[in-house]
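**Student:** Just so we're aligned, residue 1 is where the sequence shown starts under my numbering, counting upward by one. Here a beta-carbon is modelled for each residue, glycine too, at the ideal position from N, C-alpha and C.
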Amino acid sequence: MITMHKKLIANLLRSIHSLVVTEYKNDTLSVSTSSSITAALKIGSNITALIAGKNTNSIVKQVSNLKGVSNIISAELPNLLAENYSQLVLEKKKI
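Here is the structure:
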């Protein structure tokens with residue numbers, strides 16, 4: 001019975017989807033983003049990275065090479081206010 005519960009919990013954890021909002025300065029990804037992705041991997045295997053800002057191509061390449069990132073949402077946002085982030089997530093939530 002315990003083994004069946006462990007398998008059920010393991011299956012549920014694999015289905016959890018995490019959204020990691022990336023942080024970066026210039027063309028350097030922050031340590032906190034890598035740490036967040038590592039933490040998200042521990043609770044599930046589906047990780048989407050949200051990259052927003054100006055000239056994000058370099059950051060997209062870096063994030064695409066990180067273990068565990070299964071999807072990337074990238075958008076050019078002129079103003080990095082929370083309202084803009086929330087609208088972006090709502091537009092892309094079906095991914």
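Closest to residue 36 by C-alpha separation, out of 50, 91, 74, would be which residue?
**Tutor:** Out of 50, 91, 74, 50 has the C-alpha closest to the C-alpha of residue 36.
**Student:** So, with DSSP's three-state summary, where would you put residue 76?
**Tutor:** For residue 76, the secondary structure class from DSSP, reduced to helix, strand or coil, is strand.
**Student:** Using the C-alpha atoms, what's the distance from residue 52 back to residue 41?
**Tutor:** Cα to Cα, residue 41 sits roughly 22 Å from residue 52.
**Student:** Report the rounded CA-to-CA distance for residue 85 versus residue 78, giving the unit in angstroms.
**Tutor:** 11 Å
**Student:** Let me confirm a value: residue 90 is counted as buried when at least 16 other C-beta atoms fall within 10 Å, else exposed. Which label applies?
**Tutor:** exposed
**Student:** Give the C-beta separation of residue 47 and residue 74 to the nearest angstrom, bearing in mind that I take them to be a contact with Cβ-Cβ under 8 Å.
**Tutor:** Contact between residue 47 and residue 74 is absent: CB atoms are separated by about 15 Å, not below the 8 Å threshold.
**Student:** What are the boundary residues of the alpha helix (DSSP H) that includes residue 43?
**Tutor:** 31-43
**Student:** To the nearest angstrom, how far is the alpha carbon of residue 29 from that of residue 59?
**Tutor:** Whole-angstrom Cα-Cα distance: 7 Å.
**Student:** At which residues does the beta strand (DSSP E) containing residue 46 begin and terminate?
**Tutor:** 46-53
**Student:** For residue 19, report the span of its beta strand (DSSP E) as first-last.
**Tutor:** 17-21
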